[in-house]
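>
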Amino acid sequence: MNFLITDELNPNHRFLRTTNQRISDFLKLPRGWHYGEGHAPNEETIDDALRIYNQATLLGLKSEAFPGVDGEIQINCYSGNKTLEFTVESTGIVSLTKEENDIETSSHENLSVEAVLNIVREEYGETTWNSFDQSIQSIIASTESDLRAGPSRIPLTGVEYRSYLAAA
Numbered sequence: 064m065n066f067l068i069t070d071e072l073n074p075n076h077r078f079l080r081t082t083n084q085r086i087s088d089f090l091k092l093p094r095g096w097h098y099g100e101g102h103a104p105n106e107e108t109i110d111d112a113l114r115i116y117n118q119a120t121l122l123g124l125k126s127e128a129f130p131g132v133d134g135e136i137q138i139n140c141y142s143g144n145k146t147l148e149f150t151v152e153s154t155g156i157v158s159l160t161k162e163e164n165d166i167e168t169s170s171h172e173n174l175s176v177e178a179v180l181n182i183v184r185e186e187y188g189e190t191t192w193n194s195f196d197q198s199i200q201s202i203i204a205s206t207e208s209d210l211r212a213g214p215s216r217i218p219l220t221g222v223e224y225r226s227y228l229a230a231a
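Heads up, the numbering used here is the position in the sequence shown plus 63, with the first residue counted as 1.
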């Protein structure tokens with residue numbers, strides 16, 4: 064059960080699709096892929112990683128994913144000076160490390176995927192809506208004078224265009 068975001072209206076569509084495909088492709092890693100060590104993650108680990116990655120990305124976080132030598136998948140999510148680092152183990156257990164300004168602020172182990180998704184939603188659920196604030200401020204009327212219609216310049220006909228006068 065692989066989750067693949069294909070919403071063409073999403074501005075991150077191409078990036079989402081390639082990273083989703085990359086995570087799915089971790090399944091194809093050969094035994095010994097990392098200097099003679101390492102094996103591919105199982106399908107459940109891939110599905111769990113895709114769920115976390117897609118949730119974070121849809122909330123506006125920049126994210127990337129890396130395979131681990133023991134079949135785990137690491138997902139790093141960035142928002143400004145904050146970083147969330149998830150490690151999805153082949154057992155379905157997830158660990159989470161939070162950093163701010165490259166300083167570790169907290170670490171959690173033995174989390175379920177659902178618990179991790181809830182943490183991401185609680186901390187970054189407003190990110191998508193906040194990202195629209197700047198564009199909205201530049202297009203909305205905030206004072207009465209913004210609503211007032213200004214005079215428009217109506218071009219003069221005939222006087223400005225001599226070719227019309229000659230034909231008349």
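Think of the CB as a built atom: it goes at the ideal place given N, C-alpha and C, for glycine as much as any other residue.
Does Val176 come out as helix, strand or coil in the three-state DSSP assignment?
Counting from one through the sequence shown, the residue named residue 176 turns up at place 113. It is helical.
> So, helix, strand or coil for Asn164, using DSSP?
Within the sequence shown, numbered from 1, the residue matching residue 164 stands at position 101. Coil.
> Could you round the C-beta distance between Thr150 and Glu135 to whole angstroms and report it? I think they count as a contact, below 8 angstroms.
Reading the sequence shown from its first residue, position 87 is the one you call residue 150. Reading the sequence shown from its first residue, position 72 is the one you call residue 135. With a Cβ gap of about 6 angstroms, Thr150 and Glu135 count as contacting.
> Could you check which residue in Thr82, Leu90, Glu148, Val176 has the C-alpha nearest to that of Asn105?
Position 42 of the sequence shown, counted from the start, is the residue given in the question as residue 105. Considering only alpha carbons, the answer is Leu90.
> By the 10 Å Cβ neighbour count, where 16 or more other Cβ atoms means buried, how is Leu126 classified, buried or exposed?
For the purposes of this step, residue 126 is taken as the residue at position 63 of the sequence shown. Reading the sequence as shown, one finds Ser at residue 126 and not Leu. Ser126 should be labelled buried.
> Taking only the alpha-carbon atoms, compute the straight-line gap between Thr146 and Ala119 and give it to the nearest angstrom.
Translated into the one-based positions of the sequence shown, residue 146 becomes position 83. Translated into the one-based positions of the sequence shown, residue 119 becomes position 56. Approximately 11 angstroms between the Cα atoms of the pair.
> One question on the structure: do Ser153 and Thr108 come within less than 9 angstroms of each other, judged by their Cβ atoms?
Locating residue 153 in the sequence shown gives position 90, where the first residue counts as 1. Locating residue 108 in the sequence shown gives position 45, where the first residue counts as 1. Cβ atoms of Ser153 and Thr108: closer than 9 angstroms.
> Sorted by chain position, which residues of the same chain lie with C-beta nearer than 7 angstroms to Val132's C-beta, five sequence neighbours on each side aside?
Position 69 of the sequence shown holds residue 132. Correct list, in chain order: His97, Glu100, Gly101.
> Can you tell me which of Tyr116, Leu124, Asn139, Lys161 puts its alpha carbon nearest to the alpha carbon of Glu177?
Position 114 of the sequence shown, counted from the start, is the residue given in the question as residue 177. For the residues Tyr116, Leu124, Asn139, Lys161, the minimum Cα distance to Glu177 belongs to Tyr116.
> Considering only their Cβ atoms, is the gap separating Leu113 from Tyr187 smaller than 9 angstroms?
For the purposes of this step, residue 187 is taken as the residue at position 124 of the sequence shown. For the purposes of this step, residue 113 is taken as the residue at position 50 of the sequence shown. No, the Cβ-Cβ distance between Tyr187 and Leu113 is not below 9 angstroms.
> Candidates Ser87, Phe129, Asp165: which alpha carbon is nearest Ser142's?
Indexing the sequence shown from 1 puts residue 142 at position 79. Comparing Cα-Cα distances from Ser142 to each of Ser87, Phe129, Asp165, the minimum goes to Asp165.
> If you measure between the beta carbons of Asn173 and Ile156, is that distance less than 9 angstroms?
Sequence index remark: in the sequence shown, residue 173 carries index 110 (1-based). Sequence index remark: in the sequence shown, residue 156 carries index 93 (1-based). Yes, Cβ-Cβ distance for Asn173 and Ile156 is below 9 angstroms.
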